[in-house]
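Numbering (the numbering used here), first residue to last: 16 to 257.
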Ligand code: BTN
């Protein structure tokens with residue numbers, strides 16, 4: 016496997032994007048000690064302080080139509096939960112689509128970007144940001160109430176390379192399962208780690224807010240919300256408040 020290791024970058028996503036365009040093979044990862052312009056979902060910034068966390072991007076080249084890309088984001092979330100659990104014992108929950116929380120505080124974010132030809136995926140660039148060794152004061156004041164790290168959950172510093180190894184092992188296993196059996200077995204695992212399902216949530220979408228019960232995810236990874244009138248809404252992208 017190809018591993019690119021960088022001391023300081025703008026965003027590992029940019030490097031992985033370039034490598035994918037240059038023909039990098041599936042499974043290539045880019046890891047950085049620090050990101051100066053780390054990106055989050057919905058145009059947010061992602062704080063990536065030096066040596067404190069895992070800031071990495073993974074290139075996958077599944078032969079799927081664009082509309083199925085959420086499946087791979089959900090698969091990645093499952094692999095990250097399993098890898099973190101195996102190496103550190105921390106059991107994170109998944110909040111749709113791909114935030115990993117511990118006691119309601121954010122431990123990990125996943126950001127998927129893609130390169131596509133017409134309606135087929137050419138490369139997926141899956142960015143994974145994990146708060147590992149931060150102490151509370153390493154987080155910006157406004158994040159302190161809502162963020163956590165593996166250190167804060169275990170009072171122990173962790174070897175980030177071991178955690179990456181654990182995640183990649185689970186990722187490989189799940190990805191092979193996905194290629195062989197499709198999304199269904201992944202969906203079952205995802206649902207078992209999810210805290211969104213069965214809850215009354217508010218989805219803030221670009222077109223406004225919808226309040227409803229999270230009924231499940233579809234085979235494409237879309238969230239289904241049932242509102243008070245019993246109408247089912249398909250949510251492709253939103254911020255979920257629980
Ligand atoms: C989110 O929850 O909003 C997603 C955060 C994703 C952060 C990771 S860190 C590695 C990769 N490079 C980036 O610039 N972002 C992702």
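All C-beta atoms in this analysis are idealised placements derived from N, C-alpha and C, irrespective of residue type, glycine included.
Hey, how far is the Cα of residue 199 from the Cα of residue 114?
20 Å
Sequence-distant residues of the same chain with beta carbon closer than 6 Å to residue 145, five excluded per side
68, 69 and 123
Given 8 Å, three or more beta-carbon pairs between the stretch 126-143 and the stretch 73-85
yes
Opening and closing residue of the beta strand (DSSP E) in which residue 21 lies
18-24
Is DSSP giving residue 237 helix, strand or coil here?
coil
Could you tell me the boundaries of the beta strand (DSSP E) in which residue 182 lies?
Per DSSP, residue 182 belongs to no beta strand (DSSP E); it is in the alpha helix (DSSP H), 175-196.
When you compare only the Cα positions, how much space is there between residue 178 and residue 212?
27 Å
Return the Cβ separation of residue 153 and residue 64 in integer angstroms, given the expectation that the two are a contact with Cβ distance under 8 Å.
6 Å
Does the separation of the CB atoms of residue 88 and residue 112 fall below 7 Å?
yes
In whole angstroms, give me the CA-to-CA distance for residue 129 and residue 150.
33 Å
Buried or exposed: residue 43, going by 16 or more other Cβ atoms within 10 Å of its Cβ?
buried
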